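This report refers to the structure that appears directly beneath it.
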Amino acid sequence: EIGDFDYVIISSGHWHFRPSVYYENGTISGCHYCQLPNVTDLTMFYGYRKAFRTAFKVILDLESFNGVMYLRTFAPSHFEGGLWNEGGNCLRKRPYKSNETQDEVTMKLHKIQLEEFRRAEEEAKKKGKRLRLLDTTQAMWLRPDGHPSRYGHIP
Numbered sequence: 001e002i003g004d005f006d007y008v009i010i011s012s013g014h015w016h017f018r019p020s021v022y023y024e025n026g027t028i029s030g031c032h033y034c035q036l037p038n039v040t041d042l043t044m045f046y047g048y049r050k051a052f053r054t055a056f057k058v059i060l061d062l063e064s065f066n067g068v069m070y071l072r073t074f075a076p077s078h079f080e081g082g083l084w085n086e087g088g089n090c091l092r093k094r095p096y097k098s099n100e101t102q103d104e105v106t107m108k109l110h111k112i113q114l115e116e117f118r119r120a121e122e123e124a125k126k127k128g129k130r131l132r133l134l135d136t137t138q139a140m141w142l143r144p145d146g147h148p149s150r151y152g153h154i155p
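Per the UniProt record's numbering, the very first residue in the sequence shown carries number 1; after that it's consecutive.
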């Protein structure tokens, strides 16, 4: 059905942080935090890159897709002092200042997205496809809290 779409938005949430098992050609190639015996830990960054590369490739290979594909970049978590279920909270009332540094994980995830976008962009040009970047990471990093924090979850 994607071939009939005018717009496709590629995005990711925070599910890459969860334990994952990676399969290639029907065989386990590794995992992230799976704790399975004799399975190589390839980190979440491996799976993150593969997910974007695969999504771009599949859509760019669709001859019937003539719409515009957008990549919306990663939105960082705003929990400070731990995760939402580990005592963290989102009580920030002012935006971060532009000189306050993003955490290393957010920067690496953003970098991977941009690298895979640039790679896909080259392929899109060859195929006459339209690919656009909606880079929201910096803006989402600077925003103050805008959601119900831990109060949005059942205790």
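From the three backbone atoms N, C-alpha and C, an ideal C-beta is built for every residue, glycine too. Quick caveat: nothing in here was measured; it's all calculated off a predicted structure.
Under 9 angstroms between C-beta atoms of residue i and residue j
i: Tyr-7; j: Gly-67; result: yes
i: Phe-65; j: Ile-10; result: no
For residue i, the first and last residue of its enclosing beta strand (DSSP E)
i: Tyr-22; result: 20-24
i: Val-8; result: 7-10
i: Gln-47; result: A small fix is needed here, since residue 47 is Gly in this sequence, not Gln. No beta strand (DSSP E) contains Gly-47, which is instead part of the alpha helix (DSSP H) from 43-60.
Cutoff 7 angstroms; reference residue i; Cβ partners in own chain excluding five residues on either side
i: Gly-81; result: Gly-87, Gly-88, Asn-89
i: His-110; result: Thr-73, Phe-74, Thr-137
i: Tyr-96; result: Trp-141, Leu-142
i: residue 159; result: Residue 159 lies beyond the stretch modelled for the chain, which goes from 1 to 155, so this question has no answer here.
Through-space distance from residue j to residue i, alpha-carbon basis
i: Asp-103; j: Ser-77; result: 10 angstroms
i: Lys-127; j: Pro-37; result: 43 angstroms
i: Thr-54; j: Glu-123; result: 13 angstroms
i: residue 156; j: Gly-26; result: Lying outside 1 to 155, the shown extent of the chain, residue 156 is not represented and no answer is given.
i: Glu-63; j: Ala-120; result: 15 angstroms
i: Asp-41; j: Tyr-70; result: 31 angstroms
Residue i classed as buried or exposed, judged by whether at least 16 other C-beta atoms fall within 10 angstroms
i: Arg-49; result: buried
i: Lys-125; result: exposed
i: Glu-116; result: buried
i: Leu-91; result: exposed
i: Leu-134; result: exposed
i: Ile-59; result: buried
Close beta carbons around residue i, own chain, < 8 angstroms, minus the five adjacent residues each side
i: Met-44; result: His-16, Phe-17, Ser-20, His-32, Tyr-33
Extent of the continuous alpha helix (DSSP H) run through residue i
i: Thr-106; result: 104-127
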